[in-house]
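Asks: Numbering of the sequence shown is given in our numbering, commencing with residue 2 and proceeding in unit increments.
Shown below is the structure under consideration.
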Amino acid sequence: MDKTNQQDNYNIIRMEDVEEREVEWLWYPYIPYGKITIIQGDPGEGKTTMVLQLAAILSNGGKLPGNDKEQPAVSVIYQTAEDGLADTVKPRLLAAGADCSRILVIDESKQGLSMKDERIERALKDTKAKLLILDPIRAYLGADVDMHRANEIRPVMKLLGDIAEKYGCAILLIGHMNKSSGSKSTYRGLGSIDFQATARSVLVVGRVKEDPTLRVMAHDKSSLAPEGSSIAFRLDKDTGFYWEGKVNITVDELLSGGEIKGQKIREAKEFLTEMLKEGKAAQNDIEEAAQMQGIKTKTLRNAKKALDISSQKIGNSWYWYL
């Protein structure tokens, strides 16, 4: 054992000498600055699309979903091993309204990038980017790292975490989940549980069972603040992407195929508001149209009561009106 080397590395830190500082946030309470955040979900659930939408907002400055605070425009480094820059990534960014002068990529055409690559630190230093995205995690571990071995994952994640802290940037890792259907989210993350243990925030993206175009981002782990509300977004081939706002569903409910609490009555209220916007409508017509949209009679009646809709009998028929 090299005693000289041990003595060189030996140091005691007194907590009274440590200067306190508050955690700063890129997106409160989901993505902290100076830390690692993981976004995970099953393939095809919209993780990358959602992240590029966030990058677009950040590149212009503005309000992130669920926040009232205006964010200043920042630069974002986005590395992907799954999608082409020219035919997939840039079109998505343009569709999201991104300022592409602030979306940066470390060139991997001559040499692939890994989490241990010194080019990551160099790029953060040179560009002063405030967000680094690696998509997906698995592609950036490096050939010599087994993602299922904690002793190999821990030092890589620590190195990345130290870089995030040094440059005050947020690092976002995107990962797929394993196929253990219905199990707790913590154990469905792909690879060693040390990924989740090291990250200060873990977000899960999933599809709502009864509405295939509706996706939800739920907060699975939050070490630095109370867990944030789940946020829904819609991903439709015809209408594109748009944020729906906060919804009431937990991570484990989302992964086990649960429904958003109150979603059905919200849909029924929206249906009735649309049906009655021009004035009164026949109850029979309303109930028939509701049935065609999969709205049950009990849900329709509850929505009618919640909206304080009035009924009036004209001749032999009942009519509803706002």
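Ideal placement from N, C-alpha and C gives every residue a C-beta, glycine not left out.
#1: Starting from the C-beta of A171, find all residues in its chain whose C-beta is less than 6 Å away, skip the five residues before and the five after it, and write them out in chain order.
#2: Which of helix, strand or coil does DSSP assign to G63?
#3: With distances taken from CA atoms, which of W244, I261, G258, N303 is nearest L273?
#4: Would you decide whether M116 is buried or exposed? Buried here means 16 or more other CB atoms lie within 10 Å of its CB.
#5: For Q284, which of helix, strand or coil comes out of DSSP?
#6: State the start and end residues of the unbroken alpha helix (DSSP H) segment that holds K306.
#7: Report the option in R235, H220, A74 whose CA atom is closest to the CA atom of E228.
#8: Check whether the Cβ atoms of I78 and L174 lie closer than 8 Å to each other.
#9: How many Å lie between S312 and W321 at the Cα?
#10: Drop a sphere of 10 angstroms on the beta-carbon of D286, count the other beta-carbons inside from all chains shown, and report buried for 16 or more, exposed for fewer.
#11: Take D147 and list the residues in its own chain whose beta-carbon comes closer than 7 Å to its own, dropping the five residues that flank it on each side.
#12: When the distance is taken between beta carbons, is F196 closer than 8 Å to I107?
#13: Whose CA, out of E271, V248, L323, lies closest to the CA of G280?
#14: Cα separation between Q1 and A165?
#15: Under the three-state reduction of DSSP, which class applies to Q80: helix, strand or coil?
#16: Which value, in whole angstroms, describes the spacing of the CA atoms of R208 and V217?
#17: Answer with buried or exposed for Q54, where buried requires no fewer than 16 other C-beta atoms within 10 angstroms of its C-beta.
#18: Considering only C-alpha positions, which residue in the set S102, N249, D43, T199 is nearest to I232?
#19: Which residue from Q292, G176, K238 puts its Cα closest to that of T49?
#20: Considering only the alpha carbon of each residue, which of L114, N317, Y29 lies closest to T81?
#21: Nearest-angstrom Cα distance between S230 and Q72?
#22: Per DSSP, what kind of secondary structure is I58 in: helix, strand or coil?
#23: Give the straight-line distance between the Cα atoms of I13 and K210, rounded to the nearest whole angstrom.
#24: Going along the chain, which residues of its own chain have a beta-carbon closer than 7 Å to the beta-carbon of S60, five neighbours each way excluded?
#25: Between which two residues does the alpha helix (DSSP H) containing G162 stretch?
#26: For T199, does the count of other Cβ atoms within 10 angstroms reach 16, so buried, or fall short, so exposed?
#27: For M178 versus D43, is the C-beta spacing smaller than 8 Å?
#28: Going by DSSP, what residue range makes up the alpha helix (DSSP H) through R93?
Replies: So, from the data block:
#1: Sequence index remark: in the sequence shown, residue 171 carries index 170 (1-based). Cβ within range, chain order: L27, I32, Y34, L132.
#2: On the sequence shown, residue 63 is found 62 positions in, with the first residue counted as 1. In this structure, G63 counts as strand in the three-state DSSP scheme.
#3: The sequence position of residue 273 within the sequence shown is 272, counting from 1. If we check each option's Cα against that of L273, N303 comes out closest.
#4: Translated into the one-based positions of the sequence shown, residue 116 becomes position 115. Burial call: buried.
#5: Taking the sequence shown and counting its residues from 1, the one referred to as residue 284 is at position 283. Looking at Q284 - three-state DSSP - the assignment turns out to be helix.
#6: Sequence index remark: in the sequence shown, residue 306 carries index 305 (1-based). It spans 298–307 - the alpha helix (DSSP H) in which K306 sits, taken as one unbroken run.
#7: Here residue 228 refers to the residue found at position 227 of the sequence shown. Considering only alpha carbons, the answer is H220.
#8: Mapped onto the sequence shown, residue 78 falls at position 77. Mapped onto the sequence shown, residue 174 falls at position 173. No, Cβ-Cβ distance for I78 and L174 is not below 8 Å.
#9: Indexing the sequence shown from 1 puts residue 312 at position 311. Indexing the sequence shown from 1 puts residue 321 at position 320. Going from the Cα of S312 to the Cα of W321 covers about 5 Å.
#10: The residue given as residue 286 occupies position 285 in the sequence shown. When all chains shown are included, D286 counts as exposed.
#11: By one-based count along the sequence shown, residue 147 stands at place 146. Excluding five sequence positions before and after D147, the CB atoms of its chain that fall closer than 7 Å to its own CB belong to E153, given in chain order.
#12: Within the sequence shown, residue 107 is the residue found at index 106, counting from 1. Within the sequence shown, residue 196 is the residue found at index 195, counting from 1. Cβ distance not < 8 Å, so I107 and F196 don't count as in contact.
#13: For the purposes of this step, residue 280 is taken as residue 279 along the sequence shown, with counting starting at 1. Taking only the C-alpha atoms, the option nearest G280 is L323.
#14: Limits of the chain in this structure are 2 at one end and 323 at the other, which puts residue 1 out of reach.
#15: The residue given as residue 80 occupies position 79 in the sequence shown. Correct three-state label for Q80: strand.
#16: Working through the sequence shown from its first residue, we reach residue 208 at position 207. Working through the sequence shown from its first residue, we reach residue 217 at position 216. Their Cα atoms are separated by approximately 6 Å.
#17: For this step, residue 54 is matched to residue 53 along the sequence shown. By the 10 Å Cβ count, Q54 comes out buried.
#18: As a working note, residue 232 is residue 231 in the sequence shown. For the residues S102, N249, D43, T199, the minimum Cα distance to I232 belongs to N249.
#19: Your numbering for residue 49 matches position 48 in the sequence shown. With distances taken between Cα atoms, T49 lies closest to G176.
#20: Locating residue 81 in the sequence shown gives position 80, where the first residue counts as 1. With distances taken between Cα atoms, T81 lies closest to L114.
#21: Walking along the sequence shown from the start, residue 230 turns up at place 229. Walking along the sequence shown from the start, residue 72 turns up at place 71. If you take the alpha carbons of S230 and Q72, they lie about 19 Å apart.
#22: Within the sequence shown, residue 58 is the residue found at index 57, counting from 1. In this structure, I58 counts as helix in the three-state DSSP scheme.
#23: Working through the sequence shown from its first residue, we reach residue 13 at position 12. Working through the sequence shown from its first residue, we reach residue 210 at position 209. About 53 Å.
#24: Along the sequence shown, one-based indexing puts residue 60 at 59. A74, V77, A99, D100, R103, I104.
#25: Residue 162 sits at position 161 when you count from the first residue of the sequence shown. Going by DSSP, G162 is part of the alpha helix (DSSP H) stretching over 151–168.
#26: If you number the sequence shown from 1, residue 199 lands on position 198. By the neighbour-count definition (other C-beta atoms within 10 Å, threshold 16), T199 is a buried residue.
#27: Sequence index remark: in the sequence shown, residue 178 carries index 177 (1-based). Sequence index remark: in the sequence shown, residue 43 carries index 42 (1-based). Yes.
#28: As a working mapping, residue 93 is identified with position 92 in the sequence shown. Residues 91–96.
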